[in-house]
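Same order as they appear, the protein sequences are chains A and B. Using our numbering, the first residue of the first sequence is number 82, and each one after it goes up by one. Using our numbering, the first residue of the second sequence is number 82, and each one after it goes up by one.
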Amino acid sequence: MLRLEGVRIRLGDFALAADFALPAGALAAVLGPSGSGKSTLLGAVGGFLPVAQGRISWTGRDLTDLPPGARPVATIFQDNNLFPHMDAAANVALGLRPGGRLSAAERAAVDGALERVGLAGYAGRRPADLSGGQQSRVALARMLVQDRPLVTLDEPFAALGPALRAEMVALVRDLARDAGRTVLMVTHAPEDARRLGGLAIAVGDGRAAPPVPVAQLLDDPPPALRDYLGG
Amino acid sequence: MARRAQPLTLAGIGAAGLVGALILGTAVAVLAEAGRGRLGPADWAALRFTVVQAGLSAALSVGLAIPVARALARRRFAGRGLLITLLGAPFILPVIVAVLGLLAVFGRSGWVSAGLQAVGLPPLSIYGLHGVVLAHVFFNLPLAVRLILHGWQAIPAERFRLAASLGFGPGDVARVLERPMLRSVVPGALLVVFLICTTSFAVALTLGGGPRATTVELAIYQAVRFEFDLGRAALLALVQIALTGAVALAALGAAVPDGMGAGLGRVVARWDADAPMARRVDAVWIGLGALFLLAPLLSVVLRGAPGLLDLPGAVWAAAGRSAVVALVSAALAVTMAFAVAVAVARLGRRSGRAVEATAMLGIAASPLVIGTGLFLLTFPAVDPVTLALPVTASVNAVMSLPFALRALIPAVAAAERNHGRLADSLGLVGWRRHWRATLPAIRRPLGFAAGLAAALSMGDLGVVALFADASSGTLPLALYRLMAAYRMDDAAAAALLLLAASLALFWVFDRGGRGHVEA
């Protein structure tokens, strides 16, 4: 279980409060207006932003002061998820370990992950030779080989078209369920949140609300979220 | 864009043509004379020495710059911005002032030697190869740091963030991110420093000399001044042209990083460099780098200040001549640069590039070679001494033109892009257009370019040494004569005067370009 206890994050004038728990294996969409602090929340969980107050823990283990690489968190950013001078397989292999040669078993794991995301045969391609959707798939393959139970995704598919985005969200859902990962995914599209099909966390007015089932949040949104969603 | 030829466009083409004629014309003059010369073993030794010292200087400057740049790239501390600004200062620092400062710190009776003698060790001597290399490292280490720091900062912050999320340690960051960057940046930096070190006459003049430490340029100077063997001087000049030409071509092939650019102030968030040991190592590199740069300058100020007001009148007269030369040279350089920049913006892509490339020729030319060519062309008709100052001002202008163009070409292009159509629609053409629309928009780079040109000319000790005698020289030449006569207190005072004058000229123009409103 991911637990945020009395957490406050300050960025200049901006502050975000969060106090909630997310059960292990949950798939949670993070929704809210631009600038409301969705990425800030993920940055704090991932270790990229310092926490001013409170405590973040995963199954009882305190993460608050750990550097990003030491947290049980795999992160997929909006862009720049791959090193441009490395081919797809090398980028995925970084999830197993940053340096050194891979053993035969590890190479098989990399190939397996690429195959699982639909990129069998693309191992030798560099990011520049891959489409946007394929680049996202490589990042997801790396997430699969990383031994990290918690996955945060910060609008990873914002640059993709609607059909491709739907496909990718479904892939995230299936991969996470199969691998038993816990997911926090920022999105600005309510249909993505529904497709992820789990919980939803509303961020607004300087606060990240506790997760509720996504249908419940979208069918009866709080006022700030209602303005954002429109209609 | 089809526009009728404007007077300024023609002036720009003319200015570029003039530069091309000066550089190529003097090369032809040299070529014509070279047939009468013969090279001896000493001349081949000079070529070997030039290559060896430039190679050593480049390797040391760039090698030492890597840890300093890494430390600056990943540390945030009070004074960081000031230190990075200071890294640009050697560019406008007169070479001979720095040499005097280096002598005061590393020379036989300098601070380091005093320390060595206190513990019973022999004093250092920095004349010869190690002195030339030391001075070149002093000038080029800061440049190399800026070039490499630029490379570091060109690594997107997101890469370091991704590395942190994958748990990269310092070794992983070095292997995946930093070494690939260095592989692309270091060759260009090495070539740039090597090129600069093959054409730095003043360092060789003051710290080199003798059969074992003479560069090609110094050999040219000696052939003209002491032996009056113009054929040999011309042949040596040809050797120099071949050497710098070859290196410049190689540098064109390598991607040369941009060390003048802005944006060195940014510090990227790093998660891989927090270990106490890494912090200490970085602090040591930054401290050593700053000390190496500042101690020689401090020594010039300390030693020169007491004697400043007692300087002989001849030195003040030389300072006055230098100031006039610097102002004329700066005016020439920015006028030509503005005309060339307008021509480049107006002309089509291909002819624009050709004009720009011609005007940039000075970057790889040796002022001593141009001077030799001019000497060969004018000497039969005119007494060299009467030409000393005009020739110095013009050659200095040609040498600083590439830097002025680097500042002005993008600025004029941006001004045309932003307001060119508005000016067209208002019917602003010709001089009125430049006066009302273009010049105000490029005031800042114009002031910067003028300051750079004035300071470079003020401190230059090159071609003037070929032409001038004691009564007609510039301040750097007067300072060199004081040093050669071992009048070191007077020399230190003259160095302080020269340093102050160079910095003041740069500051006044640069400040003028910034205007009165914004600081």
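All residues carry an ideal CB built from backbone N, CA and C; glycine is no exception.
- Judged by DSSP in its simplified three-state form, residue 588 of chain B adopts helix.
- Contact between residue 117 of chain A and residue 284 of chain A holds, since their C-beta atoms are separated by about 5 Å, short of 8 Å.
- The DSSP-derived three-state label of residue 266 of chain A is strand.
- Listed in chain order, the positions of the stretch 240-258 of chain B with a beta carbon within less than 9 Å of a beta carbon of chain A are 240, 242, 243, 244, 245, 246, 247, 248, 249, 250, 252, 253, 254, 256, 257, 258.
- By the criterion of at least three beta-carbon pairs nearer than 8 Å, the stretch 299-310 of chain A is not in contact with the stretch 93-102 of chain B.
- With 16 or more neighbouring CB atoms inside 10 Å of its own CB, residue 415 of chain B falls in the buried class.
- Runs of the alpha helix (DSSP H) lying entirely within the stretch 176-223 of chain A and spanning at least 4 residues, in chain order: 185-197.
- Within chain A, the C-beta atoms nearer than 9 Å to that of residue 352 of chain B come from 128, 129, 148, 149, 150, in chain order.
- For residue 138 of chain A, DSSP records a beta bridge to A:84, A:143.
- Contact between residue 197 of chain B and residue 204 of chain B holds, since their C-beta atoms are separated by about 6 Å, short of 8 Å.
- Look at residue 179 of chain A: its C-beta is under 8 Å from a C-beta on chain B.
- With its beta carbon less than 8 Å from one in chain A, residue 261 of chain B belongs to the interface.
- In the three-state reduction of the DSSP assignment, residue 473 of chain B falls in the helix class.
- Straight-line measurement puts the Cα of residue 480 of chain B at about 29 Å from the Cα of residue 207 of chain B.
- Secondary structure note for residue 232 of chain A: its beta strand (DSSP E) is the uninterrupted segment 231-235.
- The beta carbon of residue 156 of chain A falls within 8 Å of a beta carbon belonging to chain B, placing the residue at that interface.
- Beta-bridge partners assigned by DSSP to residue 111 of chain A: A:267, A:282.
- Any Cβ of chain B closer than 8 Å to the Cβ of residue 175 of chain A would place that residue at the interface, and such an atom is present.
- From the beta-carbon of residue 237 of chain B, the residues of chain A found nearer than 8 Å are 161.
- Contact annotation: the stretch 470-477 of chain B touches the stretch 441-458 of chain B, with at least three C-beta pairs closer than 8 Å.
- Interface annotation for the stretch 267-280 of chain A against chain B: empty, criterion Cβ-Cβ distance under 8 Å.
- Secondary-structure assignment with DSSP links residue 154 of chain A through a beta bridge to A:231.
- With a cut-off of 8 Å on Cβ pairs, the stretch 577-588 of chain B is not in contact with the stretch 482-500 of chain B, counting fewer than three such pairs.
- If you keep only unbroken alpha helix (DSSP H) runs of at least 4 residues inside the stretch 172-231 of chain B, you get 176-187, 192-199.
- Considering only A:255, A:234, A:281, A:163, the residue with the shortest C-alpha distance to residue 241 of chain B is A:163.
- Taking the Cα positions, residue 246 of chain A is about 13 Å away from residue 212 of chain A.
- As DSSP reads the structure, residue 90 of chain A sits in a beta bridge with A:97.
- In this structure, residue 216 of chain B lies near residue 288 of chain B, with their beta-carbon atoms less than 8 Å apart.
- Cα atoms of residue 204 of chain A and residue 179 of chain A: separation of roughly 17 Å, rounded to the nearest angstrom.
- As DSSP reads the structure, residue 103 of chain A sits in a beta bridge with A:83.
- Closer than 8 Å to the CB of residue 164 of chain A there is at least one CB belonging to chain B.
- For the set A:101, A:94, A:257, the Cα lying nearest the Cα of residue 230 of chain A is the one of A:257.
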